[in-house]
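Chains A and B are the protein sequences, given in the same order.
Under the working numbering, think of the first position of the first sequence as 292, with each following residue one higher.
Under the working numbering, think of the first position of the second sequence as 55, with each following residue one higher.
Ideal Cβ positions, reconstructed from N, Cα and C, are used throughout, including at glycine.
Source: prediction; values computed, not measured.
Worksheet for the structure shown next.
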Amino acid sequence: MSLLEARDLHLQAGRRTVLSGVSAQFVPGQVTAILGANGAGKSTLLAALAGLSQPKGGQVRLDDGPLLALAPRRRAQRLGFIPQTPEIAWGLEVRAVVGLGRLPWLGARGLSAPDEAAIDRALAAARVEDLAARDITTLSGGERARALIARALAGEPEWLLADEPFAGLDPRHALEAGDLFRRLAGAGCGVLLTLHDLTLAARLADRVLVLGHGRVLADGSPAAAMTPEILAAAYGIDARPRQTDQGLAIDILGRWG
Amino acid sequence: MRRLSPSAVMIGLTAALVALGALSLMAGRVWVPLEAWRAGDPGWIIILELRIPRTLLAMVVGAALGMSGAALQGYTRNPLADPGVLGVSSMAALGAVVSLYFGFYVPGLAGIAWLMPLCAMAGALIGVLVLIGLTGSASGTVTFVLAGVVLNIVAGAGVALALNLAPNPWAVNEIVNWLMGSLTDRSLADLQMAAPFVAVGLALLLATGRAQDALTLGEAGAQSLGISLSRTRLLLALGVGLAAGASVAVTGVIGFVGLVTPHLLRPFLGPRPAGLLLPSALGGAVIVLAGDILVRLIPSAAEVRLGVAMAALGGPFFLGLLLVQRRRLS
């Protein structure tokens, strides 16, 4: 079974050490939410897990080998990554942007028939087929987010790492995008997300990793990892989990200090 | 605008290039009609010795500048990028001027024909590397243009210093004439010098096509697709250094070709950077050749230098681009 593992990671953002000694194992078929206050190191951890940065100490391992020992192309075939609020430089058509996700698979002659088929599947999975011919810079925030998820899906990765994929989405579109990630996990993909919406995290994730003070504060099911004590330590807020008929919700009552 | 197929655009540009090439052999102070294209005719010498090298050189230099502009725009994700605007051409010119200058002074160096092109390419390479170094991973449009301004100022100061310290008026004249950028009176030797370096440079730039496409998603996005940013930077720096540097070495500074060409092609081909590289080479060749025919036909006492004409046409174009950009940013 495929396994993504952070082993005693020490990570820096610029010259500042943000995480010291983070260890965690991730299994496919699960959605893992990485939580933490601004500057807690969520994005830094996700970029390291995607193999985009060289850790100061420790190692990211994939299937019991160092991730950074993989050729970049091979790594890109196995791990998809959606950066936070990605800039789109040119007014490309949505289909062309999604097609960029095939780059790690591309032969010398450009997009082949299987590549085109993978693009079609990605467009369908993210429900953006009807936007395929649109200029991506003219899309709304929700449409754009789905198109960028489709871009990552086009590579058909075993692992999908998304940095705040719900930023800028209204609640309904966030829930829709969340369903998309759940379906992916259902299909056997390992999904890792960073996010800020606690209730969404509780509802979406099989597992929650809470970062704070440079380390892992909690790692477990939403109910186990999102207790008032842990949320107080991570965010400095007074937050109370509540069971509803739709699942766990987190009420934020105020802040401490 | 309706998109055209890439092959249709390539065929159209090639046809235009062939037609302009024929016109270029005829046009000039002395009109050499088709009937005179045979050995023995007095016009044939003009074609053989002057017009053929000039025409081919215009194509080579245009291709180098056009593709360099497209590659710089694709890499920097900045539609205002161009070897001239970003100071790469000025740095090449500084390198060439330094070699001209020392060519007069240092005995033994003057005889080396390769000195000037080598210095020009070294200057261009340093220019691209400084540009990439100054801007680092933060590649905002403004940062790049400002870095280009810095390079232009530094190179300009260096050239001014060389003029200031020049040993005699003749040397000043030589440097100034050369700086203005022209294809007049270039020989086959110039063509033989520039063409191989331009060819290698263009091949390196073509190799960055996919990386440029991936960079549409930003640096992290491109990296996550398996693109090595350092390899891309190296190929780009070497490619622009060789292509633009070799061009500047034989013709002086001809600006704005790299800026204008991709912009004229985007409405037909779409904005995907890799798809613009080869058409921009052909388009640049068409524009430089057309411009060179035009300056030959202007009935002025002295021939208007191509670099001057391009700047006169490119300035307003750049202004228009800035206005469009400003509207988009605000």
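Let me know the secondary structure DSSP gives residue i once reduced to three states.
i	result
R502 (chain A)	One point to set straight first is that residue 502 (chain A) is Leu, not Arg, in the sequence displayed. Looking at L502 (chain A) - three-state DSSP - the assignment turns out to be strand.
S403 (chain A)	coil
F472 (chain A)	helix
H317 (chain B)	helix
M55 (chain B)	Residue confidence for M55 (chain B) is low, a pLDDT of 49 falling below 50, so the modelled location carries little weight; the figure read from the coordinates is stated next. In this structure, M55 (chain B) counts as coil in the three-state DSSP scheme.
S153 (chain B)	helix
F317 (chain A)	strand
G305 (chain A)	coil
D346 (chain B)	helix
T485 (chain A)	strand
P532 (chain A)	strand
Q277 (chain B)	helix
T262 (chain B)	coil
I379 (chain A)	coil
W98 (chain B)	helix
V203 (chain B)	helix
I325 (chain A)	strand
A220 (chain B)	coil
Among the options, whose alpha-carbon lies nearest the alpha-carbon of residue i?
i	options	result
F251 (chain B)	B:A69, B:T109, B:A174, B:L134	B:A174
R463 (chain A)	A:G477, A:D488, A:A478	A:D488
R533 (chain A)	A:E467, A:A413, A:A493	A:A493
T238 (chain B)	B:I65, B:D95, B:A76, B:E357	B:E357
A331 (chain A)	A:V385, A:H301, A:F317	A:H301
D529 (chain A)	A:G479, A:W396, A:P519	A:P519
G545 (chain A)	A:P346, A:L466, A:G527	A:G527
R412 (chain A)	A:R442, A:P319, A:I373	A:R442
P363 (chain A)	B:G361, B:L279, B:L375, B:A303	B:L279
A476 (chain A)	A:D461, A:F457, A:A465, A:R498	A:R498
R298 (chain A)	A:A445, A:T490, A:P319, A:L336	A:L336
P60 (chain B)	B:I352, B:V340, B:R326	B:R326
A297 (chain B)	B:D95, B:G97, B:V254	B:V254
A339 (chain B)	B:T109, B:A90, B:R105	B:T109
S311 (chain A)	A:L414, A:L495, A:K333	A:K333
P395 (chain A)	A:A408, A:T376, A:R365	A:R365
R531 (chain A)	A:D542, A:L466, A:R473	A:D542
To the nearest angstrom, report how far apart residue i and residue j are at their CA atoms.
i	j	result
M55 (chain B)	G324 (chain B)	In this prediction, M55 (chain B) has a pLDDT of 49, which is less than 50 and means its spatial position is unreliable; what the coordinates show is noted afterwards. Their Cα atoms are separated by approximately 9 Å.
I325 (chain A)	A509 (chain A)	10 Å
L343 (chain A)	A73 (chain B)	50 Å
R57 (chain B)	V378 (chain B)	21 Å
G141 (chain B)	L290 (chain B)	15 Å
A399 (chain A)	V139 (chain B)	33 Å
R320 (chain B)	L330 (chain B)	7 Å
D267 (chain B)	G210 (chain B)	34 Å
L359 (chain A)	I281 (chain B)	14 Å
M247 (chain B)	A355 (chain B)	31 Å
C480 (chain A)	A468 (chain A)	15 Å
L522 (chain A)	G349 (chain A)	27 Å
A335 (chain B)	A365 (chain B)	19 Å
I65 (chain B)	F310 (chain B)	24 Å
V501 (chain A)	T286 (chain B)	37 Å
L422 (chain A)	V349 (chain B)	48 Å
L188 (chain B)	L217 (chain B)	28 Å
L172 (chain B)	L148 (chain B)	12 Å
F472 (chain A)	L483 (chain A)	9 Å
How close, in whole Å, do the beta carbons of residue i and residue j come, if the pair is a contact with beta carbons under 8 Å?
i	j	result
G235 (chain B)	R92 (chain B)	Not quite, the Cβ-Cβ distance comes to about 33 Å (not below 8 Å), so this is no contact.
A300 (chain B)	A118 (chain B)	7 Å
L340 (chain A)	V351 (chain A)	6 Å
V385 (chain A)	G505 (chain A)	Actually they are not in contact, since the Cβ atoms of V385 (chain A) and G505 (chain A) sit about 40 Å apart, beyond 8 Å.
I100 (chain B)	V84 (chain B)	6 Å
L154 (chain B)	G181 (chain B)	Contact flag wrong, Cβ pair sits at about 18 Å.
P374 (chain A)	A265 (chain B)	In fact, because the Cβ distance is near 16 Å, the residues do not count as touching under 8 Å.
V304 (chain B)	R380 (chain B)	Rounded, the Cβ-Cβ distance is 37 Å, inconsistent with contact.
Using a threshold of 7 Å, is the CB atom of residue i nearer than that to any non-hydrogen atom of the ligand MG?
i	result
P325 (chain B)	The model on display carries no ligand, and the ligand MG is accordingly not part of it.
Worksheet item: Taking contact to mean at least 3 C-beta pairs separated by less than 8 Å, is the segment 362–373 of chain A in contact with the segment 443–458 of chain A?
Response: At 8 Å Cβ cutoff, the stretches touch.
Inter-stretch contact at 8 Å, needing at least 3 Cβ pairs: the segment 382–390 of chain A / the segment 421–438 of chain A: Yes, since at least three Cβ pairs between the segment 382–390 of chain A and the segment 421–438 of chain A fall closer than 8 Å, the two stretches touch.
task = Say whether the segment 426–434 of chain A touches the segment 403–410 of chain A, bearing in mind that this needs 3 or more beta-carbon pairs closer than 8 Å, one atom from each stretch.
result = The segment 426–434 of chain A is not in contact with the segment 403–410 of chain A.
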